[in-house]
Structures are given as structure tokens and as C-alpha cells.
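Have a look at the structure below before the remarks.
Numbering (our numbering), first residue to last: 19 to 158.
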């Protein structure tokens, strides 16, 4: 019985750790980590009062495949403009959410995706970003 309890506790705790995106503490620490591990960056400019930001967080960013992919292959950073989180001026957009993919040096890979992208299309975007990142990494 004790072994079963320990097993269930282990399975439950593993499930909890994989149930949400691992967000960097802030922009600078996230970029530092990206440079150290040489991974692309997902940077989201958001607001708590934005209908589409909330939709993105409650749907796409709760999708298990999205969470697994981001936690494995990307460094994820979110900045909330209504909390005055730091955001480079070059990444500011008049609308939110603005979803940027950055190289580890902070340079944008593409123009931002705007709005509440659904999980299926977001996973397609992640695939394209990874392919571009890996091509560039292998060319060096």
C-alpha cells in the first residue's frame, strides 16, 4: 500500500510540474538563460485586462502539447504592460497580445503574431520557428 501511495504521489507531482509553462522571472533573466542554453525565445507582450490575452492564456497556453513544446524547446517570457514589466522598445506593439519569437541575442526572428492564436496554429508556428532556428544554428 505504501508503494502505491508513493507511486501515485510521484505521478501526481510530475503531472503538476508539466501542467504549466515555465515562464522566466523577467525579460533580462530569460534572455540570459536563452543565451546560455542556446534556445529560441517566446516573448509575449500581454495585459491582464485584454480579452484576447486572457483567451490566449486560458486556451493555447493551457494546451498540453503547447506546454510540453515550450518547456522543452524554448525559453518563455511574458511581460504585462499593466504591471509595467520591462519590455524592449523595439518589441512594443500597440495591440496585445503580441507574440514574438526571438533569437538568443534578442533579435526578432519574424514579425509578431498578434491576437489569441489557437493551439493548432500556435504549434505550427513553433515548428516553423524551430526549423528556422536549427537551420541558422547548424549554418554556424
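Beta carbons are placed, not taken as given, at the ideal position from N, Cα and C, and that holds for glycine.
Between the alpha carbons of residue 78 and residue 112 lies a gap of roughly 22 Å. With contacts defined by Cβ atoms closer than 8 Å, residue 62 and residue 96 form a contacting pair.
Under the criterion of beta carbons closer than 8 Å, residue 45 and residue 127 do not qualify as touching, at roughly 16 Å. Inside the stretch 63 to 144, DSSP marks whole alpha helix (DSSP H) runs of 4 or more residues at positions 69 to 76 and 82 to 91, from first to last along the chain. Taking 8 Å as the cut-off, the beta carbon of residue 74 is found closer than this to the beta carbon of residue 115.
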